Amino acid sequence: MIEQKTLPYRILSVIVDNKPGVLFRVTNLFRARNFNIESITVGTTEQHDISRMTIAIQSDSRTTDQLVKQLRKLIDIIEVRILNIENTVFRELALIKMKAHDPTSRMEITHFANIFRAKILDVSK
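Structure (structure tokens):
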């Protein structure tokens with residue numbers, strides 16, 4: 026059996042113009058080079074016309090550097106940085122809506138949320 030070498034995670038911070046088609050062009054670059062995007066998050070910055078993409082990939086440093094150079098050539102790309110993995114915090118977000126028909130169910134849901142350090146945003150009837 027051949028042992029597969031696991032490549033390290035790389036986190037890219039890509040500052041782009043907030044325009045239609047920019048996300049497609051960026052992800053298409055990854056697709057064309059046969060890269061799998063492990064995670065991607067996109068949101069506007071303090072300036073409404075600028076967005077930040079945070080992209081996680083598994084890659085060696087040489088390949089990542091080449092990918093960064095290719096990203097910088099794309100139209101609407103303002104800045105590309107490789108984030109230091111030791112100084113980066115990873116978070117996952119899930120919004121879950123649950124129904125608790127009685128106080129016991131509500132207490133159980135709250136108990137499980139506390140175990141996993143989840144935050145309950147709203148309790149309503």
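Sequential numbering from 26 applies to the sequence shown in the numbering used here.
The beta-carbon is built from N, C-alpha and C at its ideal position, and this holds for glycine as well.
Because the structure is a prediction, the values reported are computed rather than measured.
{"Asked": "Minimum C-alpha distance to I102 - residue among Y34, K44, I65", "Found": "K44"}
{"Asked": "Through-space distance from D42 to S84, alpha-carbon basis", "Found": "26 Å"}
{"Asked": "Range of the contiguous alpha helix (DSSP H) that encloses I134", "Found": "128 to 140"}
{"Asked": "Euclidean distance between Cα positions of A125 and R131", "Found": "5 Å"}
{"Asked": "Helix, strand or coil at V148 [DSSP, three-state]", "Found": "coil"}
{"Asked": "Rounded straight-line distance, which links the Cα of I80 to that of R116", "Found": "13 Å"}
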